[in-house]
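Visitor: Here the sequence shown is numbered in the UniProt record's numbering, starting from 1 and rising by one per residue.
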Amino acid sequence: MPQRDLLDAEGKCIKVLDVDGFYLPDFKFPSQETDIRSMKDHYLARDDDILLCNYPKSGTHWVWEIIQMLSTQKAELIEHTKMKGMIESMSKKSFDSLPSPRILNTHLEFSMLPTDCLRRKCKLVYTLRNPKDVAVSYYHHHHGLLMYNYDGSLDGFLERFLEGNIDYMSWFDNVRNWHKAIQEHKDYPIHVIHYEDMQQNGIEEIRKLAKFLEKPYNEKLLKDIQDKCQFESMQKGKFYDKSHWKENTTGIGIYREGKVGGWKKVFTVAQNEKFDKLFQEKIADLNLDIKFTI
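1) Compute the distance between the beta-carbons of I87 and T106, then report whether it is under 8 Å.
2) Give me the Cβ distance between P216 and Q73, rounded to the nearest whole Å; I'm assuming they're in contact under 8 Å.
3) DSSP beta-bridge partners for D18?
4) Could you pull out every residue in the same chain whose Cβ sits closer than 7 Å to the Cβ of L108, ignoring the five residues on either side in sequence?
5) Starting from the Cα of W64, find the closest Cα among T127, M90, C122, S97 and give me that residue.
6) List in chain order: all unbroken alpha helix (DSSP H) runs of 4+ residues lying wholly within the stretch 120-207.
7) Below 8 Å between beta carbons: does that hold for I294 and Q199?
8) Less than 8 Å between the CB atoms is what I'm expecting for H179 and D289, so what's the real figure, rounded?
9) By the three-class DSSP mapping on this structure, what secondary structure does D5 have?
10) Cα separation between K186 and H142?
11) Indicate the three-state DSSP secondary structure (helix, strand or coil) for N54 in the structure shown.
12) For K12 versus V134, is the C-beta spacing smaller than 8 Å?
13) Within 8 Å, do at least three Cβ pairs link the stretch 165-180 to the stretch 27-39?
14) In terms of DSSP beta bridges, what is M86 paired with?
15) Roughly how many whole angstroms lie between the Cα atoms of P101 and A270?
16) Name, in chain order, the residues that DSSP records as bridge partners for C13.
17) Comparing the C-beta of K132 with each C-beta of chain C, is any distance below 8 Å?
18) Closer than 7 Å by C-beta to D49: which residues in its own chain qualify, once you throw out the five before and the five after it? Chain order, please.
19) How long is the line joining the alpha carbons of V19 and D5, rounded to whole angstroms?
20) Roughly how many whole angstroms lie between the Cα atoms of S91 and L17?
21) Can you give the Cα-Cα distance for D155 and S38, rounded to whole angstroms?
22) On a CA-only basis, which of A75, E76, S94 is nearest M83? Give me that one, please.
23) Start and end of the alpha helix (DSSP H) containing H80?
24) When the Cα atoms are used, what is the spatial distance from T268 to F292?
25) For E281, report the span of its alpha helix (DSSP H) as first-last.
26) Mind checking which residues open and close the alpha helix (DSSP H) that includes T60?
27) Would you kindly work out how many angstroms separate the C-alpha atoms of K242 and I36, rounded to a whole number?
28) Given G85, which residues of its chain have a CB within under 7 Å of its CB, disregarding the five upstream and five downstream residues?
29) Can you say whether H61 is buried or exposed, counting buried as having 16 or more other CB atoms within 10 angstroms of its CB?
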């Protein structure tokens, strides 16, 4: 699988893996190329699998924790992270050996998902976050993870983000493709969560998720899960001080800020106008309720 160096206008580089024109991070396992290509037809699902999907930096870790708490009926953080079930970062052997019930997750397009997941109608949760906050968070993600070896500026990164010249490609194309898939698969169990709604009304959104997943709940469990999954609690309780992230990041870890509207602190007027223009051109016609502030 060829490694590609994606250069921005400033000449700064992000290294990605090119799988038939789709850019992915290099997860450093020997069978990655073979497994990514065979995933659609050869990764076998189980009836109780739950699949969490989204574009990067859209609340994956956060919602994954909520799902596992609803599944175990305990508002407790478990030792391993969502990375253990990230399908594009694991070999087929690891995928098959993961014990049930599996809470899987991916940043891949709907068209790339294992066909068996669709055949079995595994429950699928798709999370959506406004692209301005996604872009800022993704910039810090690339700066923070040593695997990228990236030291570009926010301005240079935003250009590549808007172009889709980045691992997992274009946010705009991802959202449009997922919207199309949801509209075309009305019989498939898909639940959409807006990141901003989770921030604004967490208990109600967790209740909706529990109903969709057909998990029992009471008001105390919902409140306990919301409290345990507050950003500050998760940052201190799970990732921030873990040796894995200290060894693989520049120190910011996976949880950095998590607030809605953080983009306003860093965007220039020109950057904001460029974002708004592309948003109107690319997905405004979908009439998605995307909140840039709350």
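Yeah, the Cβ is synthetic: ideal placement off N, Cα and C, and Gly gets one too.
Guide: Let me spell this out:
1) yes
2) 7 Å
3) Y23
4) E88
5) Measuring from the Cα of W64, the nearest candidate turns out to be T127.
6) 131-144, 154-163, 171-184, 195-200
7) yes
8) About 12 Å separates the two Cβ atoms, so there is no contact after all.
9) Correct three-state label for D5: strand.
10) Straight across, the Cα-Cα distance linking K186 with H142 is about 36 Å.
11) Here N54 sits in coil by DSSP.
12) no
13) no
14) N105
15) 47 Å
16) L7
17) Given the protein chain composition of this structure (a single chain), no chain C is represented.
18) The answer, listed in chain order, is R102, L104, C117, C122.
19) 14 Å
20) 16 Å
21) 37 Å
22) If we check each option's Cα against that of M83, S94 comes out closest.
23) Per DSSP, H80 belongs to no alpha helix (DSSP H) and is neither H nor E.
24) Using only the alpha carbons, I get a separation of about 15 Å.
25) 269-282
26) 60-72
27) Low local confidence applies: a pLDDT of 49 at K242 is under 50, so the model's placement there is unreliable, and no value is given.
28) L98, R102, I103, L104, N105
29) buried
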